[in-house]
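**Q**
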Amino acid sequence: MTFSSSVLPSILPYKCANHMDPSTCPPNQLQVITFYVSLYLVAFAQGGHKPCTQAFGADQFDQNDPLDSKSRSSFFNWWYFGMNLGILFTTLLTYVQDSISWGFGFGIPCVAMLLALIVFLSGTRTYRYCTLEETSPFIRIGKACWRASTGKTQQIGNEGEEAKRMLRLFPIWTTCLIYGVVFSQIMTFFTKQGSTLDRRIGKSFQIPPASLQGIGVLSILTFIPIYGHILFPAFRKLTGLQSGITMLQRIGIGMAISTIEMVVSALVEMKRIRTAQEYGLIDSPDVAIPMSLWWLIPQYVLYGLSDVFTSIGLQEFFYGQVPDALRSLGLALYLSIFGVGSFISGFLVSLIDKATAAQGGSWFPNNLNHAHLDYFYWLLAVLNTLGLLIYIHFARAYAYRKIGCSDI
């Protein structure tokens with residue numbers, strides 16, 4: 001799709017008739033079809049690429065080898081580093097597409113994907129593959145559930161252990177959903193906050209609101225090496241564990257930091273509203289508030305720090321704690337935390353908006369200067385704290401499984 005978007009004239013934006021504004025020109029049918037097919041292709045490709053490629057990469061490390069076991073833990077750190085580095089490069093692509101050419105802008109990722117595919121295929125003969133049982137794990141787990149429901153518990157055996165293992169993941173997955181809600185704020189209300197502030201750097205350059213997310217990405221890229229080279233050795237000396245801290249401890253630390261992130265965000269929002277009131281800009285949503293963009297830096301930095309702990313910990317946890325044949329599904333469970341968390345965030349906003357609007361003071365009006373984002377951030381801080389306490393309860397009772405892989 002990136003190739004066709006860059007070379008096929010029929011799906012490129014065309015010049016408007018009668019000197020119309022290009023932004024008001026209706027797209028032709030082929031352009032509409034191409035747009036929606038592209039979206040579905042991206043979703044389909046990501047659904048297979050994200051969990052499977054990461055699981056396959058982690059499979060290259062033998063958990064029974066102490067050196068490989070240590071390297072596998074680092075793999076998740078550097079995988080996430082590479083992914084966020086790619087996200088940072090997309091901000092440059094946006095500039096290329098807007099300032100140079102859409103075709104050239106789509107051509108760059110097309111060439112990058114082609115090169116990545118060639119590099120991936122070149123290692124086919126050297127990859128390590130895991131030998132798995134011939135029977136589908138879904139069938140085995142389904143049989144165990146059916147036998148348990150019919151009272152034939154003596155016939156369950158190893159199949160029952162696999163089913164129990166999957167069920168034990170559910171409390172951890174559930175209690176991490178509130179983190180997914182907090183995570184979604186960087187792409188929504190954090191950006192909205194930034195759009196009302198003074199985003200000028202120098203006399204002429206102004207940072208686009210959407211580019212503010214790059215601050216969070218930069219903080220992730222900064223903290224991953226710090227964790228790997230400073231915190232990880234310190235944790236290992238302190239605990240005596242090869243991994244430094246356990247996966248669940250890492251997740252819990254990130255959730256605690258995300259609570260602090262929400263508290264800081266609420267305080268900054270209170271400062272923003274107070275500044276708007278002082279300068280008489282409450283009823284002027286289109287006028288930038290004389291408050292520097294840099295006030296948002298602490299919450300973006302805390303977001304990056306919490307993400308380094310929680311997201312990478314979740315990846316490693318759900319990869320290692322599912323049955324060997326379901327590792328891709330395990331990583332899909334990790335990704336679903338953020339998808340479901342985003343839906344929960346939208347539901348909360350809609351519910352709170354209806355409840356508060358009925359009382360004459362919506363928390364989320366169109367004019368952000370009349371909004372109460374600080375109340376919402378305080379609410380998320382409380383919910384995240386409650387979720388963390390419940391998470392700690394289940395994490396303390398959780399029994400880890402050993403990970404093994406046979407080479408063929």
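Numbering follows UniProt numbering, in which position 20 of the sequence shown is assigned residue number 20; successive positions increment by one, without gaps. All residues carry an ideal CB built from backbone N, CA and C; glycine is no exception.
Do F76 and Q315 have their C-beta atoms within less than 8 Å of each other?
**A** Going by C-beta atoms, F76 is nearer than 8 Å to Q315.
**Q** Tell me whether the region 174-191 and the region 324-344 touch, counting them as touching only if at least three CB pairs, one residue from each stretch, are closer than 8 Å.
**A** Contact holds: three or more Cβ-Cβ distances are below 8 Å.
**Q** Does the region 370-383 come close enough to the region 199-218 to have 3 or more Cβ pairs within less than 8 Å?
**A** The answer is no - the region 199-218 does not touch the region 370-383, with fewer than three Cβ pairs under 8 Å.
**Q** Exposed or buried, what is S345 when buried is set at 16 or more other beta-carbons lying within 10 Å of its beta-carbon?
**A** Buried is the call here.
**Q** Is it buried or exposed, D307, if we count other Cβ atoms within 10 angstroms and call 16 or more buried?
**A** Flag for D307 reads buried.
**Q** Determine whether the beta carbon atoms of Y36 and G252 lie at a separation below 8 Å.
**A** Contact flag unset, no.
**Q** Residues in its own chain within less than 8 Å of M166 by CB, not counting five upstream and five downstream?
**A** Correct list, in chain order: I141, V322, P323, L326.
**Q** P225 to W78, Cα distance in whole Å?
**A** Approximately 9 Å, taken between the alpha carbons.
**Q** Would I273 and N369 qualify as a contact pair, given that the criterion is a beta-carbon distance under 8 Å?
**A** Yes, they are a contact pair.
**Q** Given S265, which residues of its chain have a CB within under 6 Å of its CB, disregarding the five upstream and five downstream residues?
**A** Same-chain partners within the cutoff: Q299, Y377.
**Q** Thinking C-alpha only, which one of L85, G228, C176 is nearest S311?
**A** Per the Cα distances, C176.
**Q** Suppose you measure from the CA of F120 to the CA of T53; what does that come to, to the nearest Å?
**A** Between F120 and T53, the C-alpha separation is close to 10 Å.
**Q** Are the beta-carbon atoms of F347 and L331 separated by less than 8 Å?
**A** Not closer than 8 Å, so no.
**Q** Among L351, Q46, L30, F61, which one has its Cα closest to the Cα of G320?
**A** The option with the nearest alpha carbon to G320 is F61.
**Q** Can you tell me whether E278 is buried or exposed, with buried defined as 16 or more other CB within 10 angstroms of its CB?
**A** Exposed: under 16 other Cβ atoms inside 10 Å.
**Q** Going by the DSSP bridge assignment, what does R125 pair with across the sheet?
**A** In the DSSP output, where bridge partners are listed per residue, R125 has none listed.
**Q** By how many angstroms is the C-alpha of K50 removed from the C-alpha of I186?
**A** Those two C-alpha atoms are separated by around 21 Å.
**Q** Can you pull the DSSP bridge partners for I289?
**A** Answer is L197, bridged to I289.
**Q** Quick one: what's Q206 bridged to in DSSP?
**A** R200.
**Q** Leaving aside the five residues before and after Y400 along the sequence, list all residues of the same chain whose C-beta is less than 6 Å from its C-beta, in chain order.
**A** None.
**Q** Could you tell me the alpha carbon to alpha carbon distance between I230 and V263, rounded to whole angstroms?
**A** Going from the Cα of I230 to the Cα of V263 covers about 27 Å.
**Q** Could you spell out where the alpha helix (DSSP H) holding H49 opens and where it closes?
**A** Start and end: 29-59.
**Q** Compare the Cα-Cα distances from G47 to each of T356, G202, L335, L117 and report the closest residue.
**A** Answer by Cα proximity: L335.
**Q** If you compare alpha carbons, which of D283, L169, A256, S350 is closest to A395?
**A** When only C-alpha atoms are compared, the closest one is L169.
**Q** What is the DSSP secondary structure of C176, counted as helix, strand or coil?
**A** C176: coil per DSSP, three-state reduction.
**Q** Go through its chain and collect everything with a Cβ distance to P233's Cβ below 8 Å, but skip five positions before and after it.
**A** G244.
**Q** With contact counted as at least three CB pairs below 8 Å, one residue from each stretch, are the region 350-367 and the region 196-205 in contact?
**A** With a cut-off of 8 Å, the region 196-205 and the region 350-367 do not count as touching, because too few Cβ pairs lie within range.
**Q** Rank F205, D286, L93, S258 by C-alpha distance to the C-alpha of G105 and give the top, closest one.
**A** Of the candidates F205, D286, L93, S258, the one whose C-alpha sits nearest the C-alpha of G105 is L93.
**Q** Report buried or exposed for W294, applying the criterion of at least 16 other Cβ atoms within 10 angstroms of its Cβ.
**A** It counts as exposed.
**Q** Roughly how many angstroms separate the alpha carbons of T91 and S101, rounded to a whole number?
**A** Approximately 15 Å between the Cα atoms of the pair.
**Q** Output the boundary residues of the alpha helix (DSSP H) element that contains N384.
**A** N384 -> alpha helix (DSSP H) spans 373-397.
**Q** Using 10 angstroms around the beta-carbon of M113, count the other beta-carbons present and answer buried if the total reaches 16, otherwise exposed.
**A** Exposed is the call here.
**Q** Which residue from S122, D65, I352, L389 puts its Cα closest to that of A256?
**A** Residue L389 is the option with its Cα nearest to A256.
**Q** Given I337, which residues of its chain have a CB within under 8 Å of its CB, disregarding the five upstream and five downstream residues?
**A** Around I337: W173, C176, L177, Y179, G180, L314.
**Q** Could you spell out the range, first to last residue, of the alpha helix (DSSP H) harbouring G341?
**A** First-last of the alpha helix (DSSP H) with G341: 327-357.
**Q** Going by alpha carbons, who is nearest to Y129 out of D59, L302, L281?
**A** The shortest C-alpha separation from Y129 is found at D59.
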